[in-house]
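For the sequence shown, my numbering begins at 6 and goes up steadily by one. The C-beta atom is built at its ideal place from N, Cα and C for all residues, glycine as well.
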Amino acid sequence: MKFDVVSKKVDSVKADALVFPLFEEDKKFENNLKKVDDLLSGELSRIVKSQKFKASEGKILAVPTFGKLKVNYVFIVGLGSKKKFELDILRRISAYTVKKAKELKTSDLVIDIDTDFEGVDIKEAVQALTEGAILGSYNFDKYFSEKDDFKVESISFNTSKNVNKESLKEYIHLGKVLAEAQNFTRDLVNEPANVINTIQFAKIAEDLAREYGFEIKVYDEEEIEKMGMGAYLAVAKGSENPPRFVHLTYRPEKSEGEIVIVGKGLMFDSGGLNIKTGDFMRWMKTDKAGACAVLGVFKAIGELRPNITVHGIVAAAENMPSGKAYRPDDILRAKNGVTIEVGNTDAEGRLTLADALSYASELKPDAIIDMATLTGACVVALGEFTAGVMGNNQKLINEVLKTSEKTGEWMWQLPFNDKLREQIKAPHADVYNVGTTRYGGAITAGLFLEKFVDPKIPWVHIDIAGPSHHTSGWYYHPKGATGIPVRTITTFLLKRANYLK
Ligand code: BES
Ligand code: ZN
Ligand code: ZN
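Structure (structure tokens):
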């Protein structure tokens, strides 16, 4: 998809469709929309009236121009009410617009951006519209024998205002990189476990490293054993696919700091001996969403090259039942020496993360952020659309939450406390991999991870079990993987690197 910024009079715009975002409150047409209505001899306002069109969020009125303009259609796209307006609505309406354009086979769009977006900065508005268009046109159709090949080819943002076009174009580029990185993550998460297994995952990371010049080290089973990663190894044991521990590093010439991002990388989670039943096992190919988000973030920073050192860590494994599988009651020793008693083999993510976080702590970074499809309990607590955020440092938590407000990736903090800490005491080892009750399960999982992070290092854990995939999709997310939280984590890194304010 190509993007541009133009300043054209409406009667000279040549495109398939001219798009006007409109607030519910704006009953009377103004500026360019008024001009278009005049050129159409008032036909537009007549249709709006006769159809009782209300510009509620995402509603689209598409009116053919029958040769009266150099565009085939005029779209009026509802922004909803001004009171409820926020940046993310621009991503949504952009995605809906692209869908409508596909339906009508209109491939060149010009979007009028003279609307006052209620105090939202025009650069951020254009970035969000770009992201929405790219995220909204995504679908995972590679395995369909018949596909719809029609694509929206180009979007031009039209403004009559005196704006710095070059700086708008920089934000379009930023939006493009972020959304394409998110789509890259979606593509990986959507691949089933018979296509992306542990070895294949490591290969994809190596390809990415080659493409962007990252350092990479992939540890095999023997090396993982030598590093003393007894928790991670136990999880991997039941599968025919051996574990692969991936460590990517992006090292710029000038660096403002050092961050480690860790992703839960279960290529498939059957539950192991505590095997999942029927519907609970479906979608467990998405248990690698955190790991794939790490690769998405690396793709984005590989493109943007901010001044910050970033490590990406994934302990890739597959959780399967077999004669070699680990069992409930097994006692394991993680890399940092902490012993773990297994209460349930389906609480495997935290075991792989235990060793990944121990390894990350040894790098002594300024901060560690992990992303994991860790608990069903988090989905019960917050719903399918919001990620749970926990950690050992309120400042870092606030920084991540604040960033997520801009990216529209909903996140909410869950509280740690000592009473729940008591619930992961094990009968015969330092810590249990499940809580003694199922209450607060997202938090007890977070508290388990806490045992493997050096307490001197600020750390945030993001449980994305809910929003990493959706069976039917929402807003600019199609069904399947969403690619959350690639934009939040990349934006966090860009801010740390002083690339963004
Ligand atoms: N991968 C699952 C969590 C999950 C659930 C992700 C739903 C996405 C959607 C995780 O490994 C798991 O099975 N957790 C158990 C923990 C329990 C055994 C303490 C769970 O949530 O039931
Ligand atoms: Zn599990
Ligand atoms: Zn899992």
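Between L3 and the rest of its own chain, which residues show a CB-CB distance below 7 Å, the 5 nearest in sequence each way excluded? Residue 3 lies beyond the range of the chain shown here (6 to 506); nothing can be said about it.
State the Cα-Cα distance for the pair I313 and T441, rounded to the nearest angstrom. 41 Å
Taking 8 Å as the CB-CB cut-off, is I462 touching chain D? Absent from the structure: chain D. Only one protein chain is present.
Identify the residues that DSSP records as bridge partners of A486: which are they? In DSSP, A486 forms a bridge with H474.
Name the two residues that bound the continuous beta strand (DSSP E) containing G396. Note, G396: beta strand (DSSP E), A392 to G396.
Ends of the beta strand (DSSP E) at R355? Note, R355: premise wrong, no beta strand (DSSP E); alpha helix (DSSP H) at G354 to E367.
Under 8 Å between C-beta atoms of D468 and G381: no
Mind reading off the beta-carbon distance from I98 to G63? Whole number of angstroms is fine, and I expect it under 8 Å. 6 Å
Just to confirm, are M416 and L406 a CB contact at a threshold of 8 Å? yes
Would you identify the three-state DSSP class for N422, choosing helix, strand or coil? coil
Just how far apart, CA to CA, sit I65 and V319? 43 Å
Does DSSP put A67 in a helix, in a strand, or in coil? strand
Could you spell out where the beta strand (DSSP E) holding D375 opens and where it closes? A372 to A377
Would DSSP call A321 helix, strand or coil? strand
Shell residues, 5 Å Cβ cut-off relative to heavy atoms of ligand 5: The ligand content of the structure shown is limited to ligand 1, ligand 2 and ligand 3, which means ligand 5 is not among them.
Spell out the partners DSSP gives T254 in its beta bridges. E220 and H316
If A305 sits next to V491, beta carbons under 8 Å apart, how far is it from one beta carbon to the other, in whole angstroms? 7 Å
Paired residues, beta bridge with W417 - DSSP: G393
Give a single yes or no on whether L271 has its beta carbon closer than 7 Å to a heavy atom of ligand 3. yes
Tell me which same chain residues have a C-beta within less than 6 Å of the C-beta of K152, skipping the five on either side of it? D146
L140 to K104 span [Cα, whole Å]: 11 Å
To the nearest angstrom, report how far apart E220 and G233 are at their CA atoms. 23 Å
First and last residue of the alpha helix (DSSP H) that includes T449? Run containing T449: G446 to E455, per the alpha helix (DSSP H) assignment.
Whether V251 touches A210 by CB criterion (8 Å): Yes, the pair counts as a contact, with Cβ atoms nearer than the cut-off.
Over the uninterrupted beta strand (DSSP E) stretch that includes R51, give me the two end residues. R51 -> not in any beta strand (DSSP E); alpha helix (DSSP H) instead, spanning E48 to S55.
E466: first and last residue of the uninterrupted beta strand (DSSP E) it sits in: A quick correction: the sequence has His, not Glu, at residue 466. It spans W464 to D468 - the beta strand (DSSP E) in which H466 sits, taken as one unbroken run.
Relative to the alpha-carbon of D31, which residue among G83, Q56 and L74 has its alpha-carbon at the smallest distance? G83
Along the chain, where does the alpha helix (DSSP H) that runs through M286 open and close? Taken as a continuous stretch (DSSP letters only), the alpha helix (DSSP H) holding M286 covers G283 to M286.
Confirm, please, whether the CB-CB distance from A239 to Y331 is below 8 Å. yes
Taking the alpha carbon of S61 as the point to measure from, which residue in E323, K87 and K75 has its own alpha carbon closest? For S61, the nearest C-alpha among the options comes from K87.
Mind reading off the beta-carbon distance from V131 to I94? Whole number of angstroms is fine, and I expect it under 8 Å. With a Cβ gap of about 14 Å, V131 and I94 do not count as contacting.
Under 8 Å by Cβ, that's how I've got M6 and S244 pegged, so tell me the actual separation to the nearest angstrom. With 8 Å as the limit, M6 and S244 do not qualify as a contact, their Cβ atoms being about 39 Å apart.
Alpha-carbon spacing of F421 relative to E455, whole angstroms: 10 Å
Return the first residue and the last residue of the alpha helix (DSSP H) that K269 is part of. Counting along the chain, K269 falls outside any alpha helix (DSSP H), though it belongs to the beta strand (DSSP E) covering E263 to D274.
V76 and A138 - do their beta-carbons sit closer together than 8 Å? no
Mind the definition here: the segment 283 to 301 touches the segment 335 to 350 only if three or more C-beta pairs lie below 8 Å; say whether that holds. no
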